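The structure appears below as structure tokens.
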Amino acid sequence: MRPRPPVKGRGILSGTGIILAVLTGTVVALLIPIWSAVHRPAQGADLLSARAVATPYGPLSELDRDFVTKVRLAGLWELPAGQQAEEKGTTDAVRTAGQHLVQGYAFLDQRVRDVAAKLGLDLPNDPSAQQKRWLATLNAARGEDYDREFANILRLAHAKTFTVAAEVRASTQNSLVRALADDAGTTALDHIRALEATGFVDFAALARDLAASGGPAATDSPAATGPMAGPGQVVPVAPSASPAYPLPPAESSPPPQTSRTP
Numbered sequence: 001m002r003p004r005p006p007v008k009g010r011g012i013l014s015g016t017g018i019i020l021a022v023l024t025g026t027v028v029a030l031l032i033p034i035w036s037a038v039h040r041p042a043q044g045a046d047l048l049s050a051r052a053v054a055t056p057y058g059p060l061s062e063l064d065r066d067f068v069t070k071v072r073l074a075g076l077w078e079l080p081a082g083q084q085a086e087e088k089g090t091t092d093a094v095r096t097a098g099q100h101l102v103q104g105y106a107f108l109d110q111r112v113r114d115v116a117a118k119l120g121l122d123l124p125n126d127p128s129a130q131q132k133r134w135l136a137t138l139n140a141a142r143g144e145d146y147d148r149e150f151a152n153i154l155r156l157a158h159a160k161t162f163t164v165a166a167e168v169r170a171s172t173q174n175s176l177v178r179a180l181a182d183d184a185g186t187t188a189l190d191h192i193r194a195l196e197a198t199g200f201v202d203f204a205a206l207a208r209d210l211a212a213s214g215g216p217a218a219t220d221s222p223a224a225t226g227p228m229a230g231p232g233q234v235v236p237v238a239p240s241a242s243p244a245y246p247l248p249p250a251e252s253s254p255p256p257q258t259s260r261t262p
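Just so you know, UniProt numbering puts 79 at position 79 of the sequence shown, and the rest follows in order with no gaps.
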């Protein structure tokens, strides 16, 4: 039996099919990155702009709203912690640091409630779960153990407050929030100094805790409501008179501890 002669054109068609498949794959590979760029969610500045709302005092970003909430939350637990330190502190320096907290957060709470009212923001009335745990730790501590817990817990919390206030102060476009960040930063720095003047802050442990916790986590906060203003209609806010507190005298700090040999 004779073998069938090859069909003319079959090799040409097969070669054409391979070329078309390669070209199709190339086009798909080029289109995937373009599709991904178009459909991926907004990030960074794009996301911040997308969630900003207009107010008479300038755009109010998600970070701004979160900061206002955090200032209120700080006062809800640090003011009673300061009152407690005035009573339970075993040294003049600890009791003085408590006074700084009470005065500072009485001032800041009034400021944050005024800012929230003007921006149409709701504020929490209870501390967070973490803040309640810190208060429980302080409630259970006694004597010098209380002094150490108070100084280190509050110093850690104020480090985060100070960092957030600086970030908001540097980036916000809202004049009300900018003024609040000024007051929060000034007050937090005063509290940091007063806490360090107690002599009980463990800076090595503080550095480890800050490294482990990372940056402050943002939480969703309510958007502003009320009258809006377009560009060029931003209402300026005059800087408020932040309180100035005298630092406790250096001699009120306890003497440095010396390592004991077994």
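The beta carbon of each residue, even a glycine, is placed where N, CA and C say it ideally should be.
Source: prediction; values computed, not measured.
- Identify, in the order they occur along the chain, each residue of the same chain with its Cβ nearer than 8 Å to the Cβ of VAL68, setting aside the five sequence neighbours on each side. Mapped onto the sequence shown, residue 68 falls at position 68. Only VAL112, VAL115, ALA116, LEU119, LEU121, LEU123, VAL177, LEU180, SER221 meet the Cβ criterion.
- Going by C-alpha distance, which of ASP66, LYS88, ASP202 is nearest ASN139? Locating residue 139 in the sequence shown gives position 139, where the first residue counts as 1. For ASN139, the nearest C-alpha among the options comes from LYS88.
- Query: Looking only at C-alpha atoms, which of ALA52, GLN99, LEU73, SER213 sits nearest to SER128?
  - Reply: As a working note, residue 128 is residue 128 in the sequence shown. Taking only the C-alpha atoms, the option nearest SER128 is LEU73.
- Roughly how many whole angstroms lie between the Cα atoms of ASN174 and ARG193? Taking the sequence shown and counting its residues from 1, the one referred to as residue 174 is at position 174. Taking the sequence shown and counting its residues from 1, the one referred to as residue 193 is at position 193. About 29 Å.
- Comparing alpha-carbon positions, which option in ILE153, VAL164, THR163, LEU210 lies nearest GLU196? Here residue 196 corresponds to residue number 196 of the sequence shown, with the count starting at 1. For GLU196, the nearest C-alpha among the options comes from ILE153.
- Message: Suppose you measure from the CA of PHE162 to the CA of PRO56; what does that come to, to the nearest Å?
- Response: What you label residue 162 is simply residue 162 of the sequence shown in a count that begins at 1. What you label residue 56 is simply residue 56 of the sequence shown in a count that begins at 1. Going from the Cα of PHE162 to the Cα of PRO56 covers about 27 Å.
- Message: Rounding to the nearest angstrom, what Cα-Cα distance links VAL143 and GLN130 in this structure?
- Response: For this step, residue 143 is matched to residue 143 along the sequence shown. For this step, residue 130 is matched to residue 130 along the sequence shown. According to the sequence as given, residue 143 is Gly; it is not Val. Rounded to the nearest angstrom, the two C-alpha atoms are 23 Å apart.
- Please report the Cβ distance between ARG169 and ASP182, rounded to the nearest whole angstrom; I am assuming they are in contact, meaning their Cβ atoms lie under 8 Å. Here residue 169 corresponds to residue number 169 of the sequence shown, with the count starting at 1. Here residue 182 corresponds to residue number 182 of the sequence shown, with the count starting at 1. Contact holds; Cβ gap of about 6 Å.
- Task: Determine the DSSP secondary structure at LEU189, reduced to helix, strand or coil.
- Result: The count along the sequence shown starts at 1 and reaches residue 189 at position 189. DSSP places LEU189 in helix when its eight states are reduced to three.
- Query: Looking only at DSSP bridge pairs, what is VAL53 linked to?
  - Reply: One-based indexing of the sequence shown puts residue 53 at position 53. The partner list for VAL53 (beta bridge, DSSP) reads LEU60.
- Query: Does DSSP classify TRP35 as helix, strand or coil?
  - Reply: Here residue 35 refers to the residue found at position 35 when the sequence shown is read from its first residue. No answer about TRP35 holds up, because its pLDDT of 45 lies below 50 and its placement is not dependable.
- N-terminal and C-terminal residue of the alpha helix (DSSP H) that PHE203 is part of: In the sequence shown, counting from the first residue as 1, residue 203 sits at position 203. Note, PHE203: alpha helix (DSSP H), 203-213.
- Measure the C-alpha to C-alpha separation of residue 265 and SER61 and round it to an integer number of angstroms. No statement about residue 265 is possible, as the shown extent of the chain runs from 1 to 262 and does not include it.
- Query: Taking the alpha carbon of THR187 as the point to measure from, which residue in GLY82, LEU210, HIS100 has its own alpha carbon closest?
  - Reply: As a working note, residue 187 is residue 187 in the sequence shown. The shortest C-alpha separation from THR187 is found at HIS100.
- Proximal residues to ALA141 (C-beta, below 6 Å), its chain only, five neighbours per side dropped: Walking along the sequence shown from the start, residue 141 turns up at place 141. The residues are GLU149.
- Message: Considering Cα atoms alone, identify which of THR137, GLU167, THR172 is closest to ALA81.
- Response: Here residue 81 corresponds to residue number 81 of the sequence shown, with the count starting at 1. Closest option to ALA81, Cα to Cα, is THR137.
- Query: Helix, strand or coil: which one does DSSP assign to ALA141?
  - Reply: Taking the first residue of the sequence shown as position 1, residue 141 is located at position 141. If DSSP states are grouped into helix, strand and coil, ALA141 belongs with coil.
- Item | Cut-off 8 Å between Cβ atoms - residues of its own chain near GLY185, not counting five sequence neighbours on either side | Taking the first residue of the sequence shown as position 1, residue 185 is located at position 185. Result list for GLY185: PHE162, ALA165, ALA166, ARG169, in chain order.
- Message: Can you check whether the C-beta of ASP122 is within less than 8 Å of a C-beta belonging to chain C?
- Response: This model lacks chain C altogether; it includes just one protein chain.
- Alpha carbon to alpha carbon, how far is ALA85 from PRO206? Give it in angstroms, no decimals. Within the sequence shown, residue 206 is the residue found at index 206, counting from 1. Within the sequence shown, residue 85 is the residue found at index 85, counting from 1. For the record, residue 206 in the displayed sequence is Leu; it is not Pro. Using only the alpha carbons, I get a separation of about 20 Å.
- Message: For residue 305 and ASP145, what's the separation of their Cα atoms in angstroms?
- Response: Residue 305 lies beyond the range of the chain shown here (1 to 262); nothing can be said about it.
- Nearest neighbour of SER171, chosen from HIS191, PHE200, ALA151, ASP64 [CA to CA]: What you label residue 171 is simply residue 171 of the sequence shown in a count that begins at 1. With distances taken between Cα atoms, SER171 lies closest to ASP64.
- Leaving out five residues before and five after ASP202 in sequence, what residues of the same chain have Cβ atoms less than 7 Å from its Cβ? Within the sequence shown, residue 202 is the residue found at index 202, counting from 1. Counting only residues of its own chain and dropping the five nearest sequence neighbours on each side, ASP202 has a CB closer than 7 Å to the CB of ASN152.
- Query: To which residues of the same chain is PRO59 closer than 6 Å at the C-beta, ignoring the five residues directly before and after it?
  - Reply: Counting from one through the sequence shown, the residue named residue 59 turns up at place 59. For PRO59, where only same-chain residues beyond five positions count, the Cβ hits under 6 Å are ALA52, GLN173.
- Item | Cβ-Cβ distance between LEU79 and ALA106 below 8 Å | One-based indexing of the sequence shown puts residue 79 at position 79. One-based indexing of the sequence shown puts residue 106 at position 106. Result yes, Cβ atoms of LEU79 and ALA106 sit closer than 8 Å.
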